[in-house]
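107 is the number of the first residue of the sequence shown in the numbering used here; add one for each residue after it. In what follows, a structure is listed as structure tokens, so that the remarks can point back to it.
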Amino acid sequence: MLCSSMLRINCNLSSNPPLSLQGCDPCSQTQRSKLQHRRARINQQINKEMRMRAGAENLFRATTNNKVKETVALELSFVNSNLQLLKEELEELNSSMEVYQTESEAINVPMIPLGLKETKEVDLTVPLKAMRTPSRNEAGLELLIEYYNQLYYLDQRFFPPHRTLGVHFHWYDSLTGVPSCQRALAFEKGSVLFNVGALYTQIGARQDRSAAAGIDRAIDAFQRAAGAFNFLKENFSNAPSLDMSSPSLCMLVRLMIAQVQECVFERVTLTTQDTHFTSQLQVAQEAARVSDVYSLVLQTMSQPLVKDYVPFSWASMVQVKSEHFRALSHYYAAVALCDQSIDEEECDEEGEKALLQLHVSNPAGPPLSQVLRDPEERRKLGKAHLRRALIRHEEAMRVHGLCKILRKMDILQEVLSFVHKRSLDKYSEMDREDDFDETAEAPEIHSQTQQKPDIIPPNFSTVQVTDIFRRLGPLSVFCARARWGPVRLVCLQRGEGGLGLTLRGDSPVLVAGVVPGGCAEEAGLREGDYIVAVDGENCKWAKHGEVVHNLKSCSDRGVELSVITLHTHETQVCFIALHTHETQVVGSVFVEGGGVTKRLGSTFSLPFGNLRDSESMY
Numbered sequence: 107m108l109c110s111s112m113l114r115i116n117c118n119l120s121s122n123p124p125l126s127l128q129g130c131d132p133c134s135q136t137q138r139s140k141l142q143h144r145r146a147r148i149n150q151q152i153n154k155e156m157r158m159r160a161g162a163e164n165l166f167r168a169t170t171n172n173k174v175k176e177t178v179a180l181e182l183s184f185v186n187s188n189l190q191l192l193k194e195e196l197e198e199l200n201s202s203m204e205v206y207q208t209e210s211e212a213i214n215v216p217m218i219p220l221g222l223k224e225t226k227e228v229d230l231t232v233p234l235k236a237m238r239t240p241s242r243n244e245a246g247l248e249l250l251i252e253y254y255n256q257l258y259y260l261d262q263r264f265f266p267p268h269r270t271l272g273v274h275f276h277w278y279d280s281l282t283g284v285p286s287c288q289r290a291l292a293f294e295k296g297s298v299l300f301n302v303g304a305l306y307t308q309i310g311a312r313q314d315r316s317a318a319a320g321i322d323r324a325i326d327a328f329q330r331a332a333g334a335f336n337f338l339k340e341n342f343s344n345a346p347s348l349d350m351s352s353p354s355l356c357m358l359v360r361l362m363i364a365q366v367q368e369c370v371f372e373r374v375t376l377t378t379q380d381t382h383f384t385s386q387l388q389v390a391q392e393a394a395r396v397s398d399v400y401s402l403v404l405q406t407m408s409q410p411l412v413k414d415y416v417p418f419s420w421a422s423m424v425q426v427k428s429e430h431f432r433a434l435s436h437y438y439a440a441v442a443l444c445d446q447s448i449d450e451e452e453c454d455e456e457g458e459k460a461l462l463q464l465h466v467s468n469p470a471g472p473p474l475s476q477v478l479r480d481p482e483e484r485r486k487l488g489k490a491h492l493r494r495a496l497i498r499h500e501e502a503m504r505v506h507g508l509c510k511i512l513r514k515m516d517i518l519q520e521v522l523s524f525v526h527k528r529s530l531d532k533y534s535e536m537d538r539e540d541d542f543d544e545t546a547e548a549p550e551i552h553s554q555t556q557q558k559p560d561i562i563p564p565n566f567s568t569v570q571v572t573d574i575f576r577r578l579g580p581l582s583v584f585c586a587r588a589r590w591g592p593v594r595l596v597c598l599q600r601g602e603g604g605l606g607l608t609l610r611g612d613s614p615v616l617v618a619g620v621v622p623g624g625c626a627e628e629a630g631l632r633e634g635d636y637i638v639a640v641d642g643e644n645c646k647w648a649k650h651g652e653v654v655h656n657l658k659s660c661s662d663r664g665v666e667l668s669v670i671t672l673h674t675h676e677t678q679v680c681f682i683a684l685h686t687h688e689t690q691v692v693g694s695v696f697v698e699g700g701g702v703t704k705r706l707g708s709t710f711s712l713p714f715g716n717l718r719d720s721e722s723m724y
């Protein structure tokens, strides 16, 4: 049986080229790794306090001594106070978003990135260890995908389908830092895939979104993050950590889609240079679309299991963005109605159609066709939208003020204050002393977008890898599904009747038959043996003709063969069916597949195609 000892022995084979990609030092105290170490320490302290509280509660219920009860009650209050402080400290750590933001001086609303799952070292090779701790950039992404692809070979080589090996995979929850440990390689694959998505979120959050190129890169990164999380949700189940559970992954996919939609809005506002009436209405509908998708994310965060898991600052940030962009939608609608001069061309069917599609329901008052042509009616409707914008701005600022983490984000405070003051100034400018009419209630803006976000699944074929265990032999034969006997040395000498064996296939060559009483049978060869070396030369990857040539070139002293026997009958039948390239050695002449040939003392050998199982990544 191939086992983990073979993994440790053969993974540093000298013939394999060194990997060019380098990971980051897992022991280095970077700002992000310090966060993880603090998370782990606080979680250990919380677990300790929880055990102490459970013991004190049991003692409180069991004892009848009043003095003991008073002492236990005092201890419980102390433990609960410690727990509250530790949870607040953990909440602040889990909400850390500033580490991943862009260093650009442009004023943009911060994005919500995801920290990578941290891990402990596993007993693998040095190259694989480096792959598990990537740098936080595009090179790190390539390294993670390369490691994910290598895990396929690792799984096929050393992990039997119905038995687990003694290799433990340790990973920490991305948000809480709670450790999880499993012996299933699927947990390792899922955690690596999660980190692919998390790394995309960090790359997207770091982009300078003051230019169109940076916005496009951020859109691509967030769409690929959504694709990684969605792929993980659809292909992995029974996750031991909450960050990889189906409800959490569903929330993360929607969060990434919302951030894509926010980037689309930023690009629209950046590229819309004209101040035409219809252009401003399109910007208003884009802002409404961003608000709608963030509202959907907030609903998902309010679901059971996710509600108590997601950091409070995340939920607060999502709610702030929902209110913020809803306010912007009303503001841009007011600007279109009040500031833009509408010429006769825009009063025609196109302008009226744009105004009709702006609202979820028709506003009270005169028909929109009349509003479009009457500046005073447009001013009244615009003022109503500004009033709705101010209400939403104030709600966003109220929610922002309730979260201690968000209050520390100066850029967010600056953005919210700026847009609120802008709307307030516009409202004051439009408010007249002689305006005694009651401000009408403006309907909500109908959301619409110029670009719907895509969920881009991970493309593992972008990084080509070579099996680092290639010297063990072809994967279709030397895999964990097969049970092999130990290597046997067979000294084979040519007799008067030849070697007395039939060979089939290549990589490796199979002994398909042994002539009874012949030299091969007397030497100990058996039907079903695989030739893995000839005179000490490895031939696991050798072609059929190469092995035949080596056997024909043997001296009078004979040839030393290294052979192994496959013990699993079902697998052996499958492998024999696949190895259809045959040579029979009955006389002194070898008949090699490639045509129908008949010689004296030999039998027919029919040419077959070299069929093999196709290898697929799951």
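Quick reminder that beta carbons are idealized off the backbone N, C-alpha and C, glycines included.
query                                                                                                                        : result
Residue burial classification, Leu180 (beta-carbon count within 10 angstroms, cutoff 16)                                     : exposed
C-alpha distance - Val185 paired with Asn243, whole-angstrom precision                                                       : 42 Å
Chain-order list of residues whose beta-carbon lies under 6 Å from that of Ser467 (same chain, five-residue window excluded) : Pro549
Contact test: Ala648 Cβ vs the ligand ADP heavy atom, cutoff 6 Å                                                             : Annotation note on the ligand ADP: not contained in the displayed structure, which lists no ligands.
For Ile585, the three-state DSSP class (helix, strand or coil)                                                               : Just to set this straight, residue 585 is Cys in the shown sequence, not Ile. Here Cys585 sits in coil by DSSP.
Under 7 Å between C-beta atoms of Ile325 and Cys287                                                                          : no
The beta strand (DSSP E) enclosing Ile309, as first and last residue numbers                                                 : Per DSSP, Ile309 belongs to no beta strand (DSSP E); it is in the alpha helix (DSSP H), 291-311.
Three-state secondary structure (DSSP) of Ser553                                                                             : coil
Assigned secondary structure, Cys287 (DSSP; H/G/I helix, E/B strand, else coil)                                              : strand
Rounded Cβ spacing between Leu631 and Val620 (contact assumed at less than 8 Å)                                              : 6 Å
As assigned by DSSP and simplified to three states, the class of Lys558                                                      : coil
C-alpha distance - Thr177 paired with Met407, whole-angstrom precision                                                       : 40 Å
Range covered by the alpha helix (DSSP H) that runs through Tyr259                                                           : 244-264
Unbroken alpha helix (DSSP H) run spanning Trp420, endpoints                                                                 : 418-444
Inter-residue Cα distance where the pair is Asp349 and Lys527                                                                : 39 Å
Environment of Asn255 [buried if 16+ CB atoms lie within 10 Å]                                                               : buried
Proximity winner among Ala318, Asp445, Thr572, relative to Thr384 (alpha-carbon distances)                                   : Asp445
Span separating the alpha-carbon of Asn341 from that of Met536                                                               : 56 Å
Cut-off 6 Å between Cβ atoms - residues of its own chain near Gly739, not counting five sequence neighbours on either side   : Residue 739 lies beyond the residue range present for the chain, which begins at 107 and ends at 724; the question has no answer from this structure.
Expected contact under 8 Å - CB spacing of Phe166 and Leu182 to nearest Å                                                    : 7 Å
Which listed residue (Ser668, Ala390, Phe337) has its alpha carbon closest to that of Pro564                                 : Phe337
Check whether Thr375 and Val389 have beta carbons under 7 Å apart                                                            : yes
According to DSSP, residues forming a beta bridge with Trp590                                                                : Leu672
contact_flag[the region 473-492, the region 433-443] where n(CB pairs < 8 Å) is 3 or more                                    : yes
Spatial neighbours of Arg432 in its chain, beta-carbon cut-off 6 Å, leaving aside the 5 residues before and after            : Ser397, Arg498
DSSP bridge partner residues for Asn644 (one or two, in chain order)                                                         : Ala639
Host alpha helix (DSSP H) of Tyr533 (start-end)                                                                              : 516-536
Span separating the alpha-carbon of Gly221 from that of Val615                                                               : 50 Å
Residue range of the beta strand (DSSP E) that includes Ala324                                                               : Per DSSP, Ala324 belongs to no beta strand (DSSP E); it is in the alpha helix (DSSP H), 318-341.
Simplified DSSP state of Val596, which is helix, strand or coil                                                              : strand
Local Cβ density within 10 Å of Gln521, reported as buried at 16 or more and exposed below that                              : Going by the sequence as given, residue 521 is Val instead of Gln. With 16 or more other Cβ atoms within 10 Å, it is buried.
Reference Arg330; option with closest CA among Gly303, Ala318, Glu501, Asp314                                                : Gly303
Beta carbon of Gly606 nearer than 7 Å to that of Ala626                                                                      : yes
Span separating the alpha-carbon of Leu657 from that of Arg600                                                               : 10 Å
Span of the beta strand (DSSP E) around Leu607                                                                               : 607-610
Cβ pair Gly283, Ala146 closer than 7 Å                                                                                       : yes
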